[in-house]
Amino acid sequence: MPSSAHDPAGKAREPGPDDTEELSATTSPGTARHDPGVQHDLDAQHDADAARGAGHRPPAALPTMTARHWWVPVLAGVGGYVGTVVGIVIALVLSILGLALQGDSDGGSTTDRLNGEISNATGLDTDTSGLRWILSVPFQLAAMAALVPLRLILSFGGEGASAGITVPQYFALACGILTAWLIARKLSTRMRVETRGVQWLMAAVSGLTWAALALVVTALTVLRLDVPFFASDIRVRLTALGGGLFPVLFLVGLLSVAAALNVRSTQVSPGRIVIGAERSTPGVLQVLRPIAVQFSVFGTVAGLGLLIYAFVEGGAPAGFSALFWLPIAVGWLFVLSLLSALTAGGAATSLTGLTGRSDAFYLWSEGTVPVWAVVLCILLALVSAVCAAITWAHVRPLDKRVARTPLAWTVLPVTYFLLGLLALWLLRVGGYASGGMVGSSNAVFSLRPAGWTCLVFLVWGVIIELLARLVVPAFMHTLPRRVTRGLRGSERSRGRAAVVASAAAMGGAGLAGAGLAGVGTRATPAPEAPAATSSAQHPSAEPTATTAPQDATAAYSGPHAGSGDETRVLPSYDDPGATTRMPAQRAPMDPATKKRIRLIAIIVGTLILLAVLATVVFSVLSRTVFGPDNQAEDLLRSVTDGNATHAAEIANPNVSSGQRALLTDDVYGAAQNRISSYEIKDTTIDGDRATVNATVTQDGVTTPVALPMVSDSRDGLFKSWRVDESAGVPLYQALTVEVPAGVGELDVNGKKVSVDTQGQPHTVEYTVLPGDYAVGVSSSSKYVTYGGNQVAEIRAGSPSSAPVMSFQPSFTPALEEDLTKQLNATLDRCAQSTEFEPEGCPFGYSVYGDDEDYRNPRWSIQRYPTYSVSSYGNQATFTTDRSGEVRLDYQYNEEYDDEPADWTDRDTTSSVSGYGTVSVSGDELTINAND
């Protein structure tokens, strides 16, 4: 920063005719001022200096720098990059530890799990245990701290593809900043930084070293692999080289080391730029402190909450990898808690299904964040805003100079507006994929604060400004000392801020006569008057534009200030009177007022606490005892226990009573391979509708299910949830059975289930729960069978097409046995006949000639025939497999004349066969034989 002794062009300022010479830094006020000899020497020296200054520029920064001024920032830059890499290594080690802890229970080594994750993401088989991975990945991830993407570049057969992801690594960057700051501060302990130019030059050297080292190392450690792919190899490159790597790290190193060297500056008084900035926009030099306090308060609490949530919901891998994602997650939550939004672009819009099909995600988006968490986040945002307002009221007290400067209202809001714009860049996570190895395709996604975040931040800046002006002064001095000290900063920083404020309050006269390096100022002598006190202590003494000399006197009351003919000088940073110019605290309140304020604060705080507790309790009860997941858990528990009746009461299948025949405890309780266990994952609530996402385990297979819920009534203050039958219950599925004609009963899991008896085959559809159903058809006849039981395997999450069971009748061996018996009985009956042609019998003998020549026929069965039976519907046909044989014994009259008859015994045999149909009715057979 240029010295106040020179104008903006760098030339020495010419003394005015009314100016007096500046005091020596070692001369006490009032001694040299009245010594004509000393005054004459000073005037001559000043004229000589002014004459020499008119011919050349002021001394440059380089001549005052030693070798130490060069190698200290170089080491700080190297340390900054090393610290960034160390931060990445720490994050990697903790992440691998988290995977290892989970691997103890899940099985498999940590390396195998890590290789599997990379393979799932890229489709390539990798081995992360190789030396190249170990020597490359930390440096590439460290480059991501500069907000550049980590890119994966593939090339195969003259074609290529690439993908990249940008996830800023702020923990590693913070490690680098802290390392650079500590090294610069430690190694510059005995170093003098003569001017601001030297300070910023050293900082620039550090930034160049950091950026150049990161650029070189990142380029040298690019990961190059040849991954086997069928008969060839795919060339893979993993790199984080990007255009933003150098400028971002240069800026980070520049600011880090400049901040560390700020205390080493030997400039004893504020320069012209500092004074001018403070005079035109009061508080601009301290404006970052309330912002830092607000984010620190919010980030500490929110970060701890997110870390606990990660361990609870995501387990060890999510919790131990927090150093990679927690800083940006806290930033996102900060933006959301200040009532702004996150927007998704490109392919990331697929993540916004939870936000009502919009690309904007708010903290209160239904179903994403519990109500109690929303309330706590907003409350935390309000508390952090109040802390920022208290800090702002301390670092920029509201005196008349501030009150009369219109731009003072804009300092904090404009800064918040700029912070909102910066958040669009700093809190962006994005990625892309492009290439033509598998066809031409391009994809881009991003997730960042909404574009109107800067306007939301602007409103918060106005709110904090109003609080700092109108509300905070009433109670800021009643806070505990430790809280106040933590919010307003150290006494040293407050003293330096008071010096700048005093210099700004001196107005045009003080600024015009600023001396070299801020040692003294030659100003127009003011009339003798009692020494004034600080404007912060006595607002009535605040300077005005029309009385510059008086303003300068009133603005500063340090030991170098004088009255009458004494010369007034700019206040010094090392001035022990600087602390006396800090705003005086208000007079202590009387006990009654203090008691009344405490009582009001207790009442208000109690009401707020009760409201928060009531909201939290209401939210917890709404999501547990009265929540949709409670009803879903009751349903899944009933299904697991085989209590189908209760499950049907909770989730009405909305089918006829006939279709519910299998939803009984007897039938479903006897089913094999039912759902053995379940787990409620999460619940998405959208107004009066909700979806409970769970997993069920059946026959060793875990399947996700989504249970639709609806609330159309209330149980007191709470919503009453039930399963939404209209949306379909995924646990219910259909089972179709083709019932044969004449069947009136089924056997399901060993239980009898009645069905309508019809003369023709018909189909029956049942609604069932997941499990195995052994279905058989009971036959009322010993001659008919429908085969054994058929098993339908109903699985949760299986396709909606219903399995169909078909039963065809077949005849039992008893039919053939009884048929043979009946046919043989018929033959036996026919054999008893004394007729040559028995009626209705399958055999007979035709008489030739005179019937009187034949007598005494006697039939006997020599061999019974055998039959085969075939089924046709509910009828059977039979045919002769092997013919039988029947013998006829009779007498024949061989006498041709009438007298006397000559009877001789004769016999003959004939085959017996037949075919026909058999009708079955219960246990009765009806035979229709065709001889």
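So for the sequence shown, our numbering puts the first residue at 717; every next one is plus one. For each residue, glycine too, the CB sits at the ideal point set by N, CA and C. Bear in mind the structure is a predicted one, so any value in this text is a computation, not a measurement.
Own chain partners of residue i with C-beta closer than 8 Å, once the 5 adjacent residues on each side are dropped
i, result
"leucine 1535", "Tyr1583, Val1585, Ala1592, Phe1594, Val1634, Leu1641, Ile1643"
"aspartate 1544", "Ile1577"
Between the CA atoms of residue j and residue i - distance to the nearest angstrom
i, j, result
"lysine 1467", "aspartate 1381", "11 Å"
"serine 1150", "leucine 1163", "19 Å"
"isoleucine 950", "asparagine 1370", "56 Å"
"glycine 1047", "leucine 1020", "13 Å"
"glycine 959", "glutamine 856", "14 Å"
"alanine 1109", "alanine 1184", "5 Å"
"alanine 1364", "threonine 1411", "20 Å"
"threonine 1550", "proline 1477", "48 Å"
"isoleucine 804", "valine 883", "13 Å"
"serine 1218", "isoleucine 991", "9 Å"
"tyrosine 1448", "valine 1520", "16 Å"
"tyrosine 1502", "alanine 1490", "14 Å"
"leucine 1352", "asparagine 1346", "10 Å"
"arginine 1005", "alanine 1104", "8 Å"
"phenylalanine 966", "glycine 1513", "56 Å"
"alanine 920", "valine 794", "13 Å"
"alanine 1119", "threonine 1322", "35 Å"
"leucine 1531", "threonine 1356", "45 Å"
"isoleucine 1577", "tyrosine 1631", "18 Å"
"isoleucine 1510", "alanine 1377", "16 Å"
"glycine 814", "alanine 807", "11 Å"
"valine 801", "proline 1043", "17 Å"
"serine 1637", "phenylalanine 1523", "19 Å"
"arginine 953", "phenylalanine 962", "21 Å"
"proline 789", "leucine 1096", "40 Å"
"proline 718", "methionine 781", "In this prediction, proline 718 has a pLDDT of 37, which is less than 50 and means its spatial position is unreliable; what the coordinates show is noted afterwards. C-alpha separation (whole angstroms): 17 Å."
"methionine 918", "valine 973", "8 Å"
"valine 1563", "tyrosine 1606", "11 Å"
Neighbour-count burial assignment, residue i, 16 or more Cβ in a 10 Å radius
i, result
"glutamine 915", "buried"
"valine 1172", "buried"
"leucine 1114", "buried"
"tryptophan 1041", "buried"
"glutamine 1010", "buried"
"glutamine 1388", "exposed"
"isoleucine 1661", "Residue 1661 lies beyond the residue range present for the chain, which begins at 717 and ends at 1647; the question has no answer from this structure."
"glutamine 1002", "buried"
"arginine 1117", "buried"
"threonine 955", "buried"
"aspartate 1623", "exposed"
Which listed residue (the options) has its alpha carbon closest to that of residue i
i, options, result
"threonine 1131", "Val1102, Trp1176, Leu1096", "Trp1176"
"valine 1099", "Val1013, Ala816, Ser871", "Val1013"
"asparagine 1465", "Phe1191, Val1160, Gly1358", "Gly1358"
"serine 1493", "Val1455, Pro1486, Glu1509", "As written in the sequence, residue 1493 is valine, which differs from the serine given in the question. Among Val1455, Pro1486, Glu1509, the Cα nearest to that of valine 1493 is on Val1455."
"alanine 1617", "Asn1609, Thr1624, Asp1623", "Asn1609"
"glutamine 1414", "Glu1481, Gly1403, Gly1487", "Gly1487"
"aspartate 1569", "Phe1552, Ser1576, Leu967", "Phe1552"
"threonine 895", "Trp926, Phe1036, Ser985", "Trp926"
"glycine 999", "Glu1207, Thr1356, Val1216, Leu863", "Val1216"
"tyrosine 1394", "Ala1422, Ala1377, Val802", "Ala1422"
"leucine 1539", "Ile1316, Gly1374, Val1628", "Val1628"
"aspartate 1431", "Ser1373, Phe1334, Asp1440, Leu1140", "Phe1334"
"leucine 941", "Arg848, Ala1547, His1193, Tyr1564", "Arg848"
Same chain only: Cβ atoms within 7 Å of residue i, ignoring 5 sequence neighbours per side
i, result
"alanine 1080", "Residue identity check: residue 1080 is tryptophan in the sequence provided, not alanine. So the list reads Val1090, once near-sequence residues are dropped."
"aspartate 1350", "Ile1366"
"alanine 1101", "Gln1010, Trp1176, Ile1179, Ile1180"
"alanine 1166", "Ser1056, Ala1057, Leu1058, Thr1059, Ala1076"
"alanine 1360", "Leu1379, Thr1380, Asp1381, Tyr1384, Leu1485"
"isoleucine 1396", "Asp1345, Ala1348, Glu1349, Val1408, Ala1410"
Residues of its chain near residue i, where Cβ-Cβ distance is below 6 Å and the 5 sequence neighbours each way are ignored
i, result
"isoleucine 1313", "none"
"asparagine 1391", "Looking at the sequence itself, residue 1391 is isoleucine, so the reference to asparagine does not match. Taken in chain order, the residues that qualify are Val1355, Thr1356, Val1412, Gln1414, Pro1486."
So within the stretch 1394–1462, which uninterrupted beta strand (DSSP E) runs reach at least 3 residues, ignoring any that extend past its ends? Correct list: 1405–1414, 1417–1431, 1434–1439, 1449–1455.
Note down, one range per segment and in chain order, each beta strand (DSSP E) of at least 3 residues found wholly within the stretch 1012–1092. 1057–1062, 1076–1078
As an exercise, report each continuous alpha helix (DSSP H) stretch of at least 4 residues that is fully enclosed by the stretch 1356–1381, in chain order. 1360–1366
In the stretch 912–953, which residue ranges form an unbroken alpha helix (DSSP H) of at least 4 residues, counting only runs that do not cross its ends? 912–936
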